[in-house]
Amino acid sequence: MKNLFLLFILVLSISCAQEKTVLSGETKWQKKMNADFKDASKSPLKDKDRKTFTGLDFFKFDSNFVVKAILKRTPDSEWFNMKTTDDRLSKERIYGVLSFKLKGRKYELNVYQGEELMKTEGFTDYLFLPFLDDTNGTSTYGGGRYIDLRIPNGDVIELDFNKAYNPYCAYDEKYSCPIVPRVNYLDIEVKAGVKAFKK
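The following block contains the structure:
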């Protein structure tokens, strides 16, 4: 009887282990992204997509896409309404301009600060970097991608394009996502970060 009970426990534990999905991810950031996407309380995925989710499709980590950028602050910039994928307008301002070299070429991108987030606990120093590049519509989401940044103490900020992610509306059209301003276009293929989502 004891052996039968042990066999039952063994079979039960094996079946439970098989049901647990192993999530992919090369870096700590990728693993966290995948864990959040699998978590029903955080995930932007539709229920049907989350049930079969095993991980986002990422480019392989590439240190060439981790660069130091010089931040030129624009303290007198005016607030404006950034368009989104629906009727909502996002109150933003250009916090500054990031200057950096990528693959030997010089680039500049505007980095934004949201009025609403400035008043949100834990996000008072949050900066929003939306950008477009030559992978959009092929290997990455057509509407561009985002990078989350924090206000640095000095004028140097690390830009890691391996942490570029898709807006939530790439996964579910119910989300309202800021549209990337055309001025933030990079005429290069940024083969880093999250790829397009295959539904």
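Just so we're aligned: the sequence shown equals residues -17 to -1, 1 to 182 in mature numbering (1 follows the signal peptide of the UniProt record, and there is no 0).
Backbone N, C-alpha and C fix where the C-beta goes; we use that ideal spot for every residue, glycine too.
In this text, all values refer to a predicted model and were calculated from it rather than measured experimentally.
Between Ile53 and Asp138 a beta carbon distance of about 6 Å is seen, short of the 8 Å cut, so the two are scored as contacting. Between the alpha carbons of Arg133 and Phe63 lies a gap of roughly 21 Å. Under the three-state reduction of DSSP output, Glu156 falls in the coil class, being neither helix nor strand. Residue Gln96 holds the alpha-carbon nearest to the alpha-carbon of Glu61 among Arg165, Gln96, Glu156, Ala18. Of the candidates Lys31, Lys55, Phe20, Asn167, the residue whose Cα lies closest to the Cα of Asp116 is Asn167. By the neighbour-count criterion, in which 16 or more other beta carbons inside 10 Å mark a residue as buried, Ile140 falls on the buried side.
Annotation for Lys74: Trp62, Glu98 place their beta carbon closer than 6 Å to its own, counting only its chain and skipping 5 residues before and after. Asp155 is the residue among Asp155, Phe144, Val173 whose C-alpha sits nearest the C-alpha of Phe20. If you check the CB distance, Ile171 and Thr68 do not come in under 9 Å. For Phe20, the enclosing alpha helix (DSSP H) stretches over residues 11 to 21. Boundaries of the beta strand (DSSP E) harbouring Asp131: 128 to 133, taken from the DSSP string.
In summary, Thr37 is exposed, with fewer than 16 beta-carbon neighbours lying within 10 Å of its beta-carbon over all protein chains present. Within 10 angstroms of the beta-carbon of Leu72 lie fewer than 16 other beta-carbons, which makes it exposed. One Cα belongs to Ala147, the other to Trp12, and the distance between them is close to 11 Å. Of the candidates Arg33, Gly79, Gly8, Lys15, the residue whose Cα lies closest to the Cα of Ala23 is Arg33. Setting aside the 5 residues that flank it on each side, Asn149 is surrounded in the same chain by Tyr124, Arg128, Val177, Phe180, each with a C-beta closer than 7 Å to its C-beta; the list follows chain order. By the Cβ-count criterion, Gly87 is exposed, with fewer than 16 other Cβ atoms from all chains shown falling within 10 Å of its own Cβ.
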